[in-house]
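Peer 1: Here's a structure for you.
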Amino acid sequence: MTFAIAVARFYEDLAERLVGGAQAAFADAGVGAADVFDVPGAFELPMAAKLAAESGRYDGVACLGAVIRGETDHYDWVCAEAARGIQDVQLRTGVPCAFGVLTVDTMEQALARSGGDKRDSGRHAAEAVVALARLRGQLG
């Protein structure tokens, strides 16, 4: 099995932590390191997931990033469209795509969810795509 990571680099430190957790989960699952594709922000993740899924090279795509609430409603639009888009990609292509995007109010919340303890969204996204890819293999 081969996997991809699409990662939004808007918050570089958080992105690195999320990728680290995802890569550790892929290694623990015995599937090797995932290919990593960078995009500027969470809004661009659905397109990156679509390109990876449609390439035929990947059994799943872990989509990672962070959106931290600001003073405007931009947060709501980015979070909703990233989630909708990623879900749409997996349903249209049949290639599992996990939503490992932190949608938080503060940097402190983001740090608590980006690795180092039981709340590691990168790891959880990778575990989800591996599980779905294996299910797809069993049923397909």
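Residues 34 to 173 (the numbering used here) make up the sequence shown, in order. We put the beta carbon where it would ideally sit given N, CA and C, even for glycine.
1) Cutting at 6 angstroms between CB atoms, please list the residues of its own chain near alanine 62, excluding the five before and the five after it.
2) Taking the alpha carbon of phenylalanine 43 as the point to measure from, which residue in Gly53, Lys151, Gln171 and Val134 has its own alpha carbon closest?
3) Where does alanine 39 sit, in a helix, a strand or coil, going by DSSP?
4) Does any residue of chain B have a CB that is nearer than 8 angstroms to the CB of isoleucine 38?
5) Tell me whether the region 147-162 and the region 39-56 touch, counting them as touching only if at least three CB pairs, one residue from each stretch, are closer than 8 angstroms.
6) Relative to the alpha-carbon of valine 72, which residue among Lys83, Ala66 and Val64 has its alpha-carbon at the smallest distance?
7) For a quick check, are the C-beta atoms of alanine 39 and leucine 78 less than 8 angstroms apart?
8) Go ahead and pull the three-state DSSP assignment for alanine 67.
9) Please go through the region 100-167 and give each complete alpha helix (DSSP H) segment of 4 or more residues, from N-terminal end onward.
10) Going by beta carbon distance, what residues of the same chain come within less than 6 angstroms of alanine 75, once the five residues before and after it are set aside?
11) Can you give the Cα-Cα distance for alanine 37 and valine 94, rounded to whole angstroms?
Peer 2: A quick look at the data gives this:
1) As a first step, residue 62 must be located in the sequence shown, where it is residue number 29. In its chain, beyond the 5 residues on either side, Val163 have a beta carbon closer than 6 angstroms to the beta carbon of alanine 62.
2) Your numbering for residue 43 matches position 10 in the sequence shown. Ranking Gly53, Lys151, Gln171 and Val134 by Cα distance to phenylalanine 43 puts Val134 first.
3) Taking the first residue of the sequence shown as position 1, residue 39 is located at position 6. In this structure, alanine 39 counts as strand in the three-state DSSP scheme.
4) Within the model displayed, chain B is absent; a lone protein chain is all it includes.
5) yes
6) Within the sequence shown, numbered from 1, the residue matching residue 72 stands at position 39. Closest by alpha carbon: Lys83.
7) Residue 39 sits at position 6 when you count from the first residue of the sequence shown. Residue 78 sits at position 45 when you count from the first residue of the sequence shown. Contact flag set, yes.
8) For the purposes of this step, residue 67 is taken as the residue at position 34 of the sequence shown. Coil, per DSSP.
9) 107-126 and 140-145
10) For this step, residue 75 is matched to residue 42 along the sequence shown. Result list for alanine 75: Ala41, Gly98, Val100, Val111, Ala115 and Val134, in chain order.
11) Taking the first residue of the sequence shown as position 1, residue 37 is located at position 4. Taking the first residue of the sequence shown as position 1, residue 94 is located at position 61. Cα to Cα, alanine 37 sits roughly 5 angstroms from valine 94.
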